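Let me begin by presenting the structure, written as C-alpha cells, before commenting on it.
Residue numbers (this note's numbering): 6 to 161.
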C-alpha cells in the first residue's frame, strides 16, 4: 500500500467520525479497562479504519489516520488510472476493418477515402504525386467539421 504524505491527501476533521472503544484480545486488565482502540469513518467516501495495535489511544488514532490517508490516496490513484485507461482505450482503435481510412483498388484504378466518402478513379495519377483533389477535399471536410464544432460550442 502506498505511503501517504500529509501534502498529498488533505482530510478535513469535519469529514471524520471518530469512535473509541475497548480493544479485545490478549492483554488482560489493560485491554479490558481502557478505551484504546480507535475507529475512524471518512464520511464522504464511507471508508472505515480500525486500529487497536498500540496501547495508547493517541498512537492508535495517529496510525488510523495514516492508514486512512493511504487508502484515500490509493483510491484517488486508482480513479486516475481508470480515467487514463478509458482515455487511452478511446484513442486506440479496435483494429477491425471498420476503421479503414483509404482503399487503393489497382485493378479498377480507384482510390477511396472512407473518412469523407470520396472515390477517385485516378489511382495511377495519385501514385505519381498528383493528390491535390484528395487533399483539398480532406481540408474542406476538416474545416467544415471544425466550424460545426465551434458553432455548437458557442450556441446556447
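Think of the CB as a built atom: it goes at the ideal place given N, C-alpha and C, for glycine as much as any other residue. Here the structure is a predicted model, which is why all the values come from computation and not from measurement.
So who's on the other strand from residue i, going by DSSP bridges?
{"i": "residue 114", "result": "None, per the DSSP bridge assignment."}
{"i": "residue 109", "result": "116"}
{"i": "residue 124", "result": "117"}
{"i": "residue 52", "result": "47"}
Just mark residue i as buried or exposed, buried being the case when its beta carbon has 16 or more other beta carbons within 10 Å.
{"i": "residue 41", "result": "buried"}
{"i": "residue 5", "result": "Because the chain spans 6 through 161 in this model, residue 5 falls outside it and cannot be assessed."}
{"i": "residue 28", "result": "buried"}
{"i": "residue 89", "result": "exposed"}
{"i": "residue 106", "result": "exposed"}
{"i": "residue 74", "result": "buried"}
{"i": "residue 76", "result": "buried"}
{"i": "residue 43", "result": "buried"}
{"i": "residue 57", "result": "buried"}
{"i": "residue 54", "result": "buried"}
{"i": "residue 109", "result": "exposed"}
{"i": "residue 11", "result": "Because residue 11 carries a pLDDT of 43, less than 50, the predicted location of this residue cannot be relied on, and the following value inherits that uncertainty. Exposed is the call here."}
Taking the continuous alpha helix (DSSP H) assigned at residue i, which residues delimit it?
{"i": "residue 23", "result": "No alpha helix (DSSP H) contains residue 23, which is instead part of the beta strand (DSSP E) from 21 to 26."}
{"i": "residue 43", "result": "It is not in any alpha helix (DSSP H) - residue 43 instead sits in the beta strand (DSSP E) that spans 42 to 47."}
{"i": "residue 92", "result": "62 to 96"}
{"i": "residue 14", "result": "No alpha helix (DSSP H) holds residue 14; DSSP gives it neither H nor E."}
{"i": "residue 157", "result": "137 to 159"}
State yes or no: is the C-beta of residue i nearer than 7 angstroms to some heavy atom of the ligand GTP?
{"i": "residue 105", "result": "This structure does not include the ligand GTP; it has no bound ligands of any sort."}
Is the segment 52 to 67 close to the segment 81 to 93, with three or more CB pairs under 8 angstroms?
-> The segment 52 to 67 is not in contact with the segment 81 to 93.
Between the segment 115 to 122 and the segment 142 to 155, are three or more C-beta pairs nearer than 8 angstroms?
-> Yes, the segment 115 to 122 is in contact with the segment 142 to 155.
Taking contact to mean at least 3 C-beta pairs separated by less than 8 angstroms, is the segment 14 to 25 in contact with the segment 43 to 61?
-> Yes, the segment 14 to 25 is in contact with the segment 43 to 61.
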